[in-house]
Ligand code: NDP
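Residue numbers (this note's numbering): 14 to 335.
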């Protein structure tokens, strides 16, 4: 089968489109013929070397497709079923072997591209505003990179919970998308100081929570935007990792909370996966949650997809089609 592999970590050119053996199917595995691959920012960290992975590796953590065959102990799925999954390495490929307890039936109403788009970014948005910091009616929330894959979904979910969203984005076109997703205020954080803008928008009171996926360039000022007892949720490193921080500074700034959550801990068992994905599929069917899929590339062009994502040239979700 064809797959996109990394033999040594580095710039997008290290992504090699090549022939490898179809994965072996263990007793509890389902072999999925992948129709659509979801691209996530974490794929760029695993490619660049920010996050270490075994080498060589097939990149990618999520996909949607059709069951091709099942291991002898599989009970929930059979050949021909439409399925989707996340958090299993190796989805930049024509086939993936997925343990059945990580696999979800894809509703007939959800096309493969949408099935590959929703789980990782949708479950992330879900855990951030329902579990890491459960947003309450009236909360004011700072959401960075609000026109990105997670950003657009997180903005919509915070609005469902009755929160106010102050969104940061890099361009006026991205601001329009964040607004359309429900953001109450938008800030062009590449042109103005978002800390000053948040201060002005909240009459100097600050926000209840900052959802910060940008990291290095925003981290300190995001903390400065918080109310006393506010929560700083650092959940990504799009601009680079935060490497130095003095926890003692949280005290004088208002007894603040700081957390660095990852999806792996917030999606660790079947019950939680079914809860979060069930909400997502229901909201999509009800029209409450809208996906934005503008960028679909052939699997062989994965490096172009990474260049666009890291170059801030994308909005919403990026899909690869084998
Ligand atoms: P996005 O579609 O949000 O793309 C990243 C965005 O970050 C860009 O579009 C850009 O938006 C913004 N950005 C700001 N500074 C930079 C920079 N220097 N270089 C590149 N981009 C920058 O990606 P995803 O939705 O896939 O992921 C969003 C974030 O969420 C990532 O940081 C990712 O690591 C994190 N994440 C964390 C998870 C977890 O479990 N902790 C799970 C899933 C995602 P703009 O142009 O508007 O600034």
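In this text, a Cβ means the ideal position worked out from N, Cα and C, and glycines have one as well.
> From what residue to what residue does the beta strand (DSSP E) around residue 82 run?
Replying inline: 75-83
>> Is the beta carbon of residue 52 closer than 8 Å to that of residue 314?
In response: no
>> Comparing C-alpha positions only, which one of 160, 179, 67 and 210 sits nearest to residue 307?
In response: 160
> Going by alpha carbons, who is nearest to residue 32 out of 333, 82, 312 and 77?
Replying inline: For the residues 333, 82, 312 and 77, the minimum Cα distance to residue 32 belongs to 312.
> Closest by CA to residue 113, which one among 85, 134, 239 and 127?
Replying inline: 85
>> According to DSSP, simplified to helix, strand and coil, what is residue 272?
In response: strand
> Enumerated in chain order, which unbroken segments of the beta strand (DSSP E) with a length of 3 residues or greater are wholly contained in the stretch 62-143?
Replying inline: 75-83, 95-99, 108-112 and 116-118
> residue 83 and residue 43: beta carbons closer than 8 Å?
Replying inline: yes
> Using DSSP with H/G/I as helix, E/B as strand and the rest coil, what is residue 36?
Replying inline: coil
>> Run through the DSSP bridge pairs and tell me what residue 201 is partnered with.
In response: DSSP lists 182 as the bridge partner or partners of residue 201.
>> Between which residues of its own chain and residue 20 is the CB-CB distance below 8 Å, once the five residues before and five after are set aside?
In response: 27, 29, 68 and 69
> What residue range is occupied by the uninterrupted beta strand (DSSP E) comprising residue 222?
Replying inline: 220-225
> Whole-angstrom Cβ separation of residue 138 and residue 170, contact assumed at under 8 Å?
Replying inline: 5 Å
>> Please tell me whether residue 232 has its Cβ less than 8 Å away from any Cβ of chain E.
In response: Looking for chain E here will not work: only one protein chain is present.
> Beta carbon of residue 50, beta carbon of residue 118: below 8 Å?
Replying inline: No.
>> I want to know whether the stretch 254-261 touches the stretch 185-192 - three or more CB-CB distances under 8 Å.
In response: no
>> If you follow the beta strand (DSSP E) that residue 18 is in, where does it begin and where does it stop?
In response: 15-19
> When you compare each of 101, 276 and 97 to residue 74 by their alpha carbons, which one comes out closest?
Replying inline: 101
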